[in-house]
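K.L.:
Below: one structure in structure tokens.
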Amino acid sequence: MNTRVLKINSVSQQKDILTAAQLLKNGALVALPTETVYGLGANALDEEAVKSIFAAKGRPQDNPLIVHISEFDEIYNLVEEVPPSAKSLAVKYWPGPMTLILKKSKLVPDVVSAGLDTVAVRLPNHEVTRAIIKAAGVPVAAPSANLSGSPSPTTAQSVFEDMNGKIPLIVDGGACRIGVESTVISLTGEKPSILRPGGVTPEQISEVLGDVAIDDAVFHNISSSRKVASPGMKYKHYAPATKVVIVKGDREKYYDFLEKQSGNFGALCFEEDASKVNCKYVSYGKESNSLSQSNRLFNALREVDSLGVDVVFARYPFEDGMGLAVLNRLLRSAAFEVIEVE
Ligand code: AMP
Ligand code: MG
0 MNTRVLKINS VSQQKDILTA AQLLKNGALV ALPTETVYGL GANALDEEAV KSIFAAKGRP
60 QDNPLIVHIS EFDEIYNLVE EVPPSAKSLA VKYWPGPMTL ILKKSKLVPD VVSAGLDTVA
120 VRLPNHEVTR AIIKAAGVPV AAPSANLSGS PSPTTAQSVF EDMNGKIPLI VDGGACRIGV
180 ESTVISLTGE KPSILRPGGV TPEQISEVLG DVAIDDAVFH NISSSRKVAS PGMKYKHYAP
240 ATKVVIVKGD REKYYDFLEK QSGNFGALCF EEDASKVNCK YVSYGKESNS LSQSNRLFNA
300 LREVDSLGVD VVFARYPFED GMGLAVLNRL LRSAAFEVIE VE
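This is the structure we're talking about:
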């Protein structure tokens with residue numbers, strides 16, 4: 000299959016928007032830009048189209064998809080009930096990097112929810128993609144547009160690397176502003192629970208809902224045999240071919256640690272470390288700016304493989320605000336291997 004890359008910078012490109020919408024309506028896969036990462040979209044109500052997402056990515060069948068809508072009211076078709084908590088969060092953070100888990104309606108095929116009785120819904124903050132969903136007239140199921148296990152794509156070029164020959168169209172809407180996936184919040188239990196940290200921080204969720212739980216799987220490796228609230232959290236994720244090991248400690252301890260290493264290693268560090276590390280390196284953002292880290296992390300993880308080293312030692316990010324999302328992705332890319340140098 001020939002994969003076309005179509006630049007759409009503005010909603011005034013009506014003809015191009017209709018091209019993408021028509022493909023989705025006809026059951027084809029289209030890669031779409033969002034503010035978080037690029038998504039691999041299909042008509043969420045078309046079972047065969049959704050199955051082809053799993054095939055193109057090599058995604059495990061039990062890992063459910065997020066359904067994207069173009070305006071709030073479209074949620075009513077997808078879920079049994081919209082609780083007040085969902086409305087309050089949506090008023091504040093939609094369109095935006097937040098996904099809500101609610102009881103699903105009968106309209107949503109089981110293949111989308113991987114057999115769960117819940118569905119994940121998001122209203123993305125990218126006007127081109129919202130215009131495409133609106134023109135298609137159907138909700139769009141879209142996981143990240145990478146091969147399963149690889150770092151999520153934050154540019155059309157990264158999507159092309161993974162999906163060339165597998166899908167007919169990639170919409171190039173520029174680099175993703177946030178660069179890590181959405182915050183996933185379950186509203187189906189007694190207490191709201193963050194299943195995956197992302198662009199909306201736990202502090203921001205608490206401002207609206209008060210006490211919020213953070214699921215265990217955010218920090219710990221969950222064995223693949225165990226039942227988890229968010230099935231995606233148990234799989235190997237974001238991993239370059241090169242081994243990643245995280246080093247926890249302050250800047251000086253990190254430099255000391257690198258000095259003591261032998262063998263063919265590199266560093267995955269902050270921009271400020273560049274002149275201090277005595278080895279090949281890739282940097283992922285600025286030390287005290289978690290948005291710059293989330294912006295860079297997935298590209299940096301893709302670049303690591305071009306260093307030609309056996310292992311990279313990554314600096315541990317700060318955990319507050321957006322930092323929790325950065326830490327969560329980095330932990331997964333390192334299969335939770337952390338060395339403490341305090
Ligand atoms: P991706 O679209 O690749 O970012 O992955 C979607 C994430 O949302 C995965 O971690 C899924 O486990 C999670 N997810 C999607 N639907 C549900 C659901 N119904 N319940 C819990 N987690 C979900
Ligand atoms: Mg993904």
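Residue numbers for the sequence shown follow numbering that gives the first Met the number 0, beginning at 0 and rising by one. All C-beta atoms in this analysis are idealised placements derived from N, C-alpha and C, irrespective of residue type, glycine included.
#1: I believe PRO142 touches LEU39 by the beta-carbon criterion, under 8 Å. Please report the beta-carbon distance rounded to the nearest angstrom.
#2: Using the C-alpha atoms, what's the distance from GLY248 back to ASN8?
#3: Closest to VAL183 by C-alpha separation, out of GLU270, PRO138, ILE213, ALA41, would be which residue?
#4: What residues in its chain sit with their C-beta under 6 Å from that of ALA135, if we drop five residues either side in the sequence?
#5: For SER51, which residues of its own chain have a beta-carbon under 7 Å away from its beta-carbon, when the five flanking residues on both sides are left out?
#6: Just how far apart, CA to CA, sit LYS242 and ASP309?
#7: Expressed to the nearest angstrom, what Euclidean distance is found between the alpha-carbon atoms of VAL199 and ALA324?
#8: For SER205, tell me which candidate among SER192, ASP215, VAL217 has the shortest Cα-Cα distance.
#9: Taking the CB atoms as reference points, tell me whether LEU77 and VAL49 lie closer together than 8 Å.
#10: Let's see if you can read the secondary structure: which residues bound the beta strand (DSSP E) around VAL311?
#11: Do ILE68 and LEU122 count as a contact pair if the criterion is CB distance below 8 Å?
#12: With distances taken between CB atoms, is the gap from ALA144 to PRO152 smaller than 8 Å?
#13: Could you check what DSSP says for PRO116 in three-state terms: helix, strand or coil?
#14: For GLU258, which beta-bridge partners are listed by DSSP?
#15: Compute the Euclidean distance between the alpha carbons of GLU341 and ASN288, then round it to the nearest angstrom.
#16: With a Cβ-Cβ cutoff of 8 Å, do THR128 and THR33 count as a contact?
#17: How long is the line joining the alpha carbons of LEU267 and ALA273, rounded to whole angstroms?
#18: Who are the Cβ neighbours of ASN124 in its own chain at under 6 Å, not counting the five residues just before and after it?
#19: Determine the closest residue to ILE100 out of ILE74, MET321, LYS91, ILE245, with distance taken between C-alpha atoms.
#20: Please confirm whether ALA344 and VAL244 have their CB atoms less than 8 Å apart.
#21: Would you report the Cα separation of PHE312 and GLY173, rounded to the nearest angstrom?
#22: Mind checking LEU11: buried by the 16 CB within 10 Å criterion, or exposed?
#23: Does the ligand AMP have a heavy atom nearer than 7 Å to the CB of ARG195?
P.N.:
From the atom records:
#1: 6 Å
#2: 42 Å
#3: ILE213
#4: ALA20, LEU23, LYS24
#5: LEU28, ALA41
#6: 7 Å
#7: 9 Å
#8: SER192
#9: no
#10: 310-314
#11: yes
#12: yes
#13: The sequence as given places Asp at residue 116; Pro does not occur at that position. Three-state DSSP puts ASP116 in coil, outside helix and strand.
#14: Partner(s): none; GLU258 has no beta bridge.
#15: 22 Å
#16: yes
#17: 10 Å
#18: GLU34, PRO94, GLY95
#19: ILE74
#20: Lying outside 0 to 341, the shown extent of the chain, residue 344 is not represented and no answer is given.
#21: 30 Å
#22: The displayed chain sequence assigns Ser, not Leu, to residue 11. It is exposed - the Cβ of SER11 has fewer than 16 other Cβ atoms within 10 Å.
#23: yes
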